[in-house]
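Asks: In this note's numbering, the protein residues as written are 46 to 330.
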Amino acid sequence: MSLPANEHIAAMENEDLEIGLLLEAVYRKYGYDFRNYAGAHTKRRIAQRKSLAGLDSYTEMIHKIIYDEKFFFALLLDLSINVTEMFRDPWFYKEVRQLIVPHLQTYPFIKVWHAGCSAGQEVYSMAILLEEEEMKERAQIYATDFNELILAQAKRGIYPIDVIRQYTANYIQSGGRESFSDYYTADDKHVILDGRLRKRILFSSHNLATDGVFGEMNIILCRNVLIYFNKELQERVLELFCDSLCPGGFLCLGSKESLKFSKLADRFESVAGREKIYRKKRLQE
Ligand SMILES: C[S@@+](CC[C@H](N)C(=O)[O-])C[C@H]1O[C@@H](n2cnc3c(N)ncnc32)[C@H](O)[C@@H]1O
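And the structure:
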């Protein structure tokens, strides 16, 4: 039998309160701030972990989070969705080649920041693109994520063999100029990206919810990350990006993300609508 409407609302409010306390405990104990992540997604992930662990209540879960570090790290993985691929949305990379590269080529040296880089596929895609456009040697690429485990994978640049068909198709569609197989070797289980791709990349830990500015970037790519944040955290992060970009610098968001309703919207012009590429206005513009 379902609860009467008012009791149902009260139960939901209590559940929200418990989840709020749980996220507070995570923040106070481990310093990871999920308090401003989008509600529904965060709730779903926490509920799944609670049921997997056979816990009866969120209050029990708070206790386990505080006293069982391993349990917390499992939850951390649940909350940082790491889905990614090389040349994800190939049409986006096509626009980067056609619209952004000609501007970047006017600089003697460029700085690129991938924020929320996951296991590195997006970063290596960019490294390949810059190499093909003969810009890699004058680029410094910063690749950051708050999840240390995923960053360790990113540094290795080794991926399961079964993804290679998709990555190759994406590369071709994105306007890749070479044969994609030039960039990796393979054994029966893995593709191992060529170590030379790593040469201009610096991987480091950075939490968009709590850490500060990265100075004077020419391009920031933060794709499919803001979608997991609530409005308040999205604004914080967009402000961080605006402050980290040089005038005329580019900001690239994911296909479901936008500057449309942000306070920062008038600091940028849209360069490619579907691809969510924006350019920071110079002061006089
Ligand atoms: C869905 S993946 C997107 C990866 C890649 N940018 C792409 O579009 O394919 C989201 C990434 O954001 C990272 N992330 C989530 N919250 C973060 C935060 N507060 N600071 C830094 N990275 C975060 C996750 O760990 C995950 O690797």
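Where a beta carbon is used, it is the ideal one built from N, C-alpha and C, also for glycine.
Rounded to whole angstroms, what is the Cα-Cα separation between ARG281 and ASP232?
Replies: Within the sequence shown, numbered from 1, the residue matching residue 281 stands at position 236. Within the sequence shown, numbered from 1, the residue matching residue 232 stands at position 187. Their Cα atoms are separated by approximately 43 Å.
Asks: What I want to know is whether the C-beta of ARG90 ends up closer than 7 Å to one or more non-hydrogen atoms of ligand 1.
Replies: Taking the sequence shown and counting its residues from 1, the one referred to as residue 90 is at position 45. ARG90: no, Cβ never under 7 Å from ligand 1.
Asks: What do you get for TYR112, buried or exposed, if any count of 16 or more other CB atoms within 10 angstroms of its CB means buried?
Replies: Mapped onto the sequence shown, residue 112 falls at position 67. By the neighbour-count rule (16 or more Cβ atoms within 10 Å), TYR112 is not buried but exposed.
Asks: For GLU124 versus ARG89, is the C-beta spacing smaller than 8 Å?
Replies: To locate residue 124, count along the sequence shown from 1; it is residue 79. To locate residue 89, count along the sequence shown from 1; it is residue 44. Note that residue 124 is Leu in the sequence shown, not Glu. Not in contact: LEU124 and ARG89 (Cβ atoms no closer than 8 Å).
Asks: Please classify VAL279 as buried or exposed, where buried requires at least 16 neighbouring CB atoms within 10 angstroms.
Replies: Sequence index remark: in the sequence shown, residue 279 carries index 234 (1-based). Before going further, note that residue 279 is Gln rather than Val in the sequence given. Around the CB of GLN279, 16 or more other CB atoms lie within 10 Å, so the residue is classed as buried.
Asks: Which class does PHE79 belong to by DSSP, given the choice of helix, strand or coil?
Replies: Counting from 1 along the sequence shown, the entry for residue 79 is found at position 34. Coil, per DSSP.
Asks: When the Cα atoms are used, what is the spatial distance from GLU63 to ALA55?
Replies: Locating residue 63 in the sequence shown gives position 18, counting from the first residue. Locating residue 55 in the sequence shown gives position 10, counting from the first residue. Approximately 12 Å between the Cα atoms of the pair.
Asks: Could you tell me which residues DSSP puts in a beta bridge with TRP158?
Replies: Reading the sequence shown from its first residue, position 113 is the one you call residue 158. Note: TRP158 sits in a beta bridge opposite TYR187 and ILE265.
Asks: Should VAL157 and ILE186 be called a contact, given that it needs their Cβ atoms to be closer than 8 Å?
Replies: For the purposes of this step, residue 157 is identified with residue 112 of the sequence shown, where counting begins at 1. For the purposes of this step, residue 186 is identified with residue 141 of the sequence shown, where counting begins at 1. Yes; because the gap between Cβ atoms is below 8 Å, this pair is in contact.
Asks: Pull the bridge partners of PHE295 from the DSSP assignment, please.
Replies: Residue numbering aside, residue 295 sits at position 250 when the sequence shown is read from its first letter. DSSP, once it has assigned bridges, lists ILE264 and ARG324 as partnering PHE295.
Asks: Looking at ligand 1, does it come within less than 7 Å of ASN275, judged from the CB to the closest heavy atom?
Replies: The residue you call residue 275 lines up with position 230 of the sequence shown. Not under cutoff, so the answer is no.
Asks: Which parts of the segment 208-288 are runs of the beta strand (DSSP E), unbroken and 3 residues or longer, counting only runs that do not cross its ends?
Replies: 229-231, 235-238, 246-250 and 262-267
Asks: Any chance the CB of VAL236 is under 7 Å from a heavy atom of ligand 1?
Replies: Residue numbering aside, residue 236 sits at position 191 when the sequence shown is read from its first letter. It does not: the Cβ of VAL236 is nowhere closer than 7 Å to a heavy atom of ligand 1.
Asks: Any heavy atom of ligand 1 closer than 7 Å to the Cβ of GLY202?
Replies: Sequence index remark: in the sequence shown, residue 202 carries index 157 (1-based). No, since every heavy atom of ligand 1 falls outside the 7 Å radius drawn around the Cβ of GLY202.
Asks: DSSP beta-bridge partners for PHE137?
Replies: Looking up residue 137 in the sequence shown gives position 92. DSSP lists no partner for PHE137.
Asks: Classify PHE154 as buried or exposed, calling it buried when 16 or more other Cβ atoms lie within 10 Å of its own Cβ.
Replies: Counting from one through the sequence shown, the residue named residue 154 turns up at place 109. Around the C-beta of PHE154, fewer than 16 other C-beta atoms lie within 10 Å, and the residue is accordingly described as exposed.
Asks: Classify VAL128 as helix, strand or coil using the three-state DSSP reduction.
Replies: Locating residue 128 in the sequence shown gives position 83, where the first residue counts as 1. In the structure shown, VAL128 sits in coil (DSSP, three-state: anything other than H, G, I, E or B).
Asks: Quick one, are the C-beta atoms of PHE248 and ALA172 less than 8 Å apart?
Replies: In the sequence shown, the residue the question calls residue 248 occupies position 203. In the sequence shown, the residue the question calls residue 172 occupies position 127. No. Outside cutoff.
Asks: Contact check, PHE313 vs LEU304 under 8 Å by CB: the rounded distance?
Replies: Against the sequence shown, residue 313 aligns to sequence position 268. Against the sequence shown, residue 304 aligns to sequence position 259. About 6 Å separates the two Cβ atoms, so the contact holds.
Asks: With GLY165 and GLN198 assumed to form a contact (beta carbons below 8 Å), what rounded beta-carbon distance in angstroms separates them?
Replies: Counting from 1 along the sequence shown, the entry for residue 165 is found at position 120. Counting from 1 along the sequence shown, the entry for residue 198 is found at position 153. Confirmed, Cβ separation roughly 7 Å.
Asks: Buried or exposed: which applies to GLU320, given that a residue is buried once 16 or more other Cβ atoms fall within 10 Å of its Cβ?
Replies: Position 275 of the sequence shown holds residue 320. The residue in question, GLU320, is buried, as its Cβ has 16 or more Cβ neighbours within 10 Å.
Asks: Could you check whether the Cβ of ALA254 sits closer than 7 Å to any heavy atom belonging to ligand 1?
Replies: Here residue 254 corresponds to residue number 209 of the sequence shown, with the count starting at 1. Correct: ALA254 has its Cβ closer than 7 Å to ligand 1.
Asks: Should ASP190 be listed as close to ligand 3, given that the test is whether its C-beta is under 7 Å from any heavy atom?
Replies: In the structure shown, ligand 3 is absent; the only ligands present are ligand 1.
Asks: Taking the alpha-carbon positions, what's the ARG73 to VAL270 distance?
Replies: To locate residue 73, count along the sequence shown from 1; it is residue 28. To locate residue 270, count along the sequence shown from 1; it is residue 225. Taking the straight line joining both Cα atoms gives about 23 Å.
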